[in-house]
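To start, the structure under review is shown below, and the notes come after it.
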Amino acid sequence: MAEYSPARYVVLGLIARHGPMTPYELKARVEDDIQPFWPILHAQLYRIPPELAQAGLLREETETTGRRRRIFHLTTAGRAALARWLADPDTPEAETRDPAQLKLFFADLGDPADIVALATRQAARHREWLAHYTSLRAELDPAQDSRQRSRARLLRLGVLHEQAHAEFWESVAADPSRLDDPLS
């Protein structure tokens, strides 16, 4: 079986969950559901579905009237590829490309006040995301369906992640010289 990129599995998963979609509809779903933790360029969402159709994982249908939109349907082979991917517990290592962490690494080369300003701004940013994720989680009813349960799980992880980052940056802002903080 061919190995596909995570973005291709996003396309397969969204179509499996929501039914046939156009690339524009995929873009909207990614913005709503996936973008906060797995950014995908919009251009990819227009390029990937035809590639997956050529590989037999999606079936393409073009409207015969109106805007003649391209609609992509999941095939049996596409559902099987998605199921194999989901069943595989192995994943590549997580990638962290956080510009704030990069600045923190080089903070000793700048003005000491810069680290406090950076930490203060980062703490505020993570508190904003924490509030956003908490609000989204409160709107869900995980008992309603599997999509709500999946979103609730992911939002729980998002809340814990943002809480940890906010607390870390707040501690740096309060005392940049403190290096060890007992984990309790």
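Residue numbers for the sequence shown, in the working numbering: 29 to 212.
All C-beta atoms, glycine included, are put in the ideal place defined by N, C-alpha and C.
Here the structure is a predicted model, which is why all the values come from computation and not from measurement.
Select from the options the residue whose C-alpha is nearest the C-alpha of residue i.
{"i": "glycine 186", "options": "Gly138, Pro64, Ala44, Arg36", "result": "Pro64"}
{"i": "valine 39", "options": "Leu73, Trp66, Asp60", "result": "Leu73"}
{"i": "glutamate 123", "options": "Arg179, Asp208, Trp66", "result": "Trp66"}
{"i": "alanine 192", "options": "Ile68, His154, Thr92, Asp169", "result": "His154"}
{"i": "leucine 207", "options": "Ile99, Leu132, Ser178", "result": "Leu132"}
{"i": "glutamate 190", "options": "Leu158, Ile99, Ser205, Arg177", "result": "Leu158"}
{"i": "alanine 83", "options": "Arg175, Tyr32, Ile143", "result": "Tyr32"}
{"i": "leucine 86", "options": "Pro48, Ala145, Pro170", "result": "Pro48"}
{"i": "proline 77", "options": "Arg96, Thr50, Ala115", "result": "Thr50"}
{"i": "arginine 75", "options": "Pro127, Ala135, Phe100", "result": "Phe100"}
Against chain B, does residue i count as a neighbour if the rule is that its beta carbon must be under 8 Å from one of theirs?
{"i": "alanine 108", "result": "Among the chains of the structure shown, chain B does not appear; only one protein chain is present."}
Sorted by chain position, which residues of the same chain lie with C-beta nearer than 6 Å to residue i's C-beta, five sequence neighbours on each side aside?
{"i": "valine 200", "result": "Ala147"}
{"i": "leucine 183", "result": "Tyr161, Leu164, Arg165"}
{"i": "glutamate 156", "result": "none"}
{"i": "glycine 106", "result": "Leu40, Leu85, Leu86"}
Give every residue of the same chain whose Cβ lies closer than 8 Å to the Cβ of residue i, excluding the five residues on either side of it in the sequence, and list them in chain order.
{"i": "glutamate 121", "result": "none"}
{"i": "isoleucine 68", "result": "Ala35, Val38, Val58, Ile62"}
{"i": "leucine 168", "result": "Gln176, Arg179, Ala180, Leu183"}
What do you get for residue i, buried or exposed, if any count of 16 or more other CB atoms within 10 angstroms of its CB means buried?
{"i": "arginine 112", "result": "exposed"}
{"i": "glutamine 150", "result": "buried"}
{"i": "alanine 194", "result": "buried"}
{"i": "glycine 94", "result": "exposed"}
{"i": "alanine 109", "result": "buried"}
{"i": "leucine 42", "result": "buried"}
{"i": "leucine 137", "result": "exposed"}
{"i": "proline 117", "result": "exposed"}
{"i": "leucine 213", "result": "Examination of residue 213 is not possible in this model, given that the chain is present from 29 through 212 alone."}
Please state the DSSP three-state secondary structure of residue i.
{"i": "arginine 87", "result": "strand"}
{"i": "isoleucine 76", "result": "helix"}
{"i": "leucine 102", "result": "strand"}
Mind checking who residue i pairs with in its DSSP beta bridge?
{"i": "phenylalanine 134", "result": "Paired residue(s): none; phenylalanine 134 is not in a bridge."}
Excluding the five sequence neighbours on either side, which residues of its own chain have a C-beta within less than 7 Å of the C-beta of residue i, listed in chain order?
{"i": "tryptophan 197", "result": "Ala147, Gln150, Ala151, His154"}
{"i": "valine 144", "result": "Ala201, Pro204"}
{"i": "leucine 102", "result": "Leu40, Ile43, Ala44, Leu86"}
{"i": "histidine 46", "result": "Arg57"}
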